[in-house]
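Numbered according to my numbering, the sequence shown spans residues 402 to 672.
Contents: one structure, followed by commentary.
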Amino acid sequence: MADGYLTSHRSQKVLVICAKATTALQLEQVLREREGIRAAVFHEGMSIIERDRAAAWFAEEDTGAQVLLCSEIGSEGRNFQFASNLVMFDLPFNPDLLEQRIGRLDRIGQAHDIQIHVPYLEKTAQSVLVRWYHEGLDAFEHTCPTGRAIYDSAYASLINYLAAPEETDGFDDLIKSCREQHEALKAQLEQGRDRLLEIHSNGGEKAQQLAQSIEEQDDDTNLIAFAMNLFDIVGINQDDRGDNLIVLTPSDHMLVPDFPGLPEDGLYYHV
Numbered sequence: 402m403a404d405g406y407l408t409s410h411r412s413q414k415v416l417v418i419c420a421k422a423t424t425a426l427q428l429e430q431v432l433r434e435r436e437g438i439r440a441a442v443f444h445e446g447m448s449i450i451e452r453d454r455a456a457a458w459f460a461e462e463d464t465g466a467q468v469l470l471c472s473e474i475g476s477e478g479r480n481f482q483f484a485s486n487l488v489m490f491d492l493p494f495n496p497d498l499l500e501q502r503i504g505r506l507d508r509i510g511q512a513h514d515i516q517i518h519v520p521y522l523e524k525t526a527q528s529v530l531v532r533w534y535h536e537g538l539d540a541f542e543h544t545c546p547t548g549r550a551i552y553d554s555a556y557a558s559l560i561n562y563l564a565a566p567e568e569t570d571g572f573d574d575l576i577k578s579c580r581e582q583h584e585a586l587k588a589q590l591e592q593g594r595d596r597l598l599e600i601h602s603n604g605g606e607k608a609q610q611l612a613q614s615i616e617e618q619d620d621d622t623n624l625i626a627f628a629m630n631l632f633d634i635v636g637i638n639q640d641d642r643g644d645n646l647i648v649l650t651p652s653d654h655m656l657v658p659d660f661p662g663l664p665e666d667g668l669y670y671h672v
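Right, dumping it as structure tokens:
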């Protein structure tokens, strides 16, 4: 893709996701030195501030990075719906992770169809996953709520083909079986949605009461106030970024050596 698409579509923003941070760093070097392509990296080894800068550079329309290279962990919790091209440099083994990757772009505010690019070599584990995801689960073209269930049922067979990708005997049968399971489970889920609509239409008043109760709980700020007071007492820095977003970072005068769930480089907190 670096040889053709990126150089011939300089105005297109492209998100690249790979499993490891080292891969992202190596790809950035190759794109910069061989193709002259502006690429930012985004991985778990960077601080929140460094990630913010990389994301902001990628978001710039004219002078920003054309490509953002993300590791699996580093991209968690970030969305880039202003881009519509997704390159999965290596496919995850878990279908839930595949959904999460696509979800980085497939968000409210996405104005275009997402173009998914999956480079792979024939007779490799990646080629096995490409066929399984595409032909068995239809996971590239549509949302795949059945992925985890089929993954669990097909795991023993799938892992064998991944370990020996050159062995294809019976693989077509596995793909067919997975596709049949996918269609059956999908139909069951659709029936469940229809049932929910029926319940709503027959019990509108109860549904409204439930919605009102949930809305009242959403408006309750007692828990937020408690958390903010706790952070002040413990000594956790709170940086208000607007839009109900606060960055929490450890301070040098915390009452405890570390706070559960708060990494050294901080985290985002939606209020």
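Note that CB positions come from ideal geometry on N, CA and C, so glycine has one too.
Cβ shell of residue i (< 6 angstroms), same chain only, five flanking positions each side left out
i	result
Asp-491	Cys-419, Ala-420
Ala-455	Ala-441, Phe-443
Tyr-670	Ile-647, Leu-649
Asp-666	Ser-448, Ile-449
Glu-473	Ala-420
Cys-471	Ile-418, Phe-443
Status (buried if at least 16 other CB within 10 Å, exposed otherwise) for residue i
i	result
Gly-405	exposed
His-543	exposed
Leu-428	buried
Thr-547	buried
Gln-467	buried
Ile-450	exposed
Ile-551	buried
Ser-554	exposed
Glu-591	exposed
Ser-412	exposed
Pro-661	exposed
Phe-459	buried
Ala-626	exposed
Leu-668	exposed
Close beta carbons around residue i, own chain, < 8 angstroms, minus the five adjacent residues each side
i	result
Ile-380	Nothing can be reported for residue 380, as the shown portion of the chain is limited to 402 through 672.
Gln-511	Gln-482, Ser-485
Pro-496	Tyr-534, Leu-538, Ala-540, Cys-545, Gly-548, Arg-549, Ile-551, Tyr-552
Residue i (DSSP reduced to helix, strand or coil)
i	result
Thr-650	strand
Arg-439	coil
Leu-563	helix
Ile-450	helix
Met-629	helix
Arg-411	coil
Val-529	helix
Val-488	strand
Asn-623	helix
Asp-539	coil
Ile-615	helix
Ile-576	helix
Ile-634	helix
Arg-642	strand
Gln-511	coil
Host beta strand (DSSP E) of residue i (start-end)
i	result
Ile-418	415 to 419
Tyr-669	668 to 671
Gln-516	516 to 518
Leu-469	468 to 472
Host alpha helix (DSSP H) of residue i (start-end)
i	result
Leu-426	422 to 431
Asp-497	496 to 504
Nonlocal neighbours in the same chain, by C-beta distance under 7 angstroms from residue i, ignoring five residues either side
i	result
Phe-541	Ile-517, Tyr-534, His-535
Tyr-521	Gln-527, Ser-528, Val-531
Arg-642	Val-648
>> Three Cβ pairs or more, each shorter than 8 angstroms: is that satisfied between the region 484 to 492 and the region 407 to 425?
In response: yes
>> Would you call the region 537 to 555 in contact with the region 567 to 584, where contact means no fewer than 3 C-beta pairs closer than 8 angstroms?
In response: Verdict: yes, contact present.
>> Taking 8 angstroms as the cut-off, does the region 623 to 637 touch the region 651 to 670 (at least 3 CB pairs, one atom from each stretch)?
In response: yes
> Taking contact to mean at least 3 C-beta pairs separated by less than 8 angstroms, is the region 464 to 481 in contact with the region 504 to 516?
Replying inline: By the Cβ rule, the region 464 to 481 counts as touching the region 504 to 516, because three or more pairs are nearer than 8 angstroms.
> Do the region 558 to 568 and the region 519 to 534 meet, that is, are 3 or more Cβ pairs less than 8 angstroms apart?
Replying inline: yes
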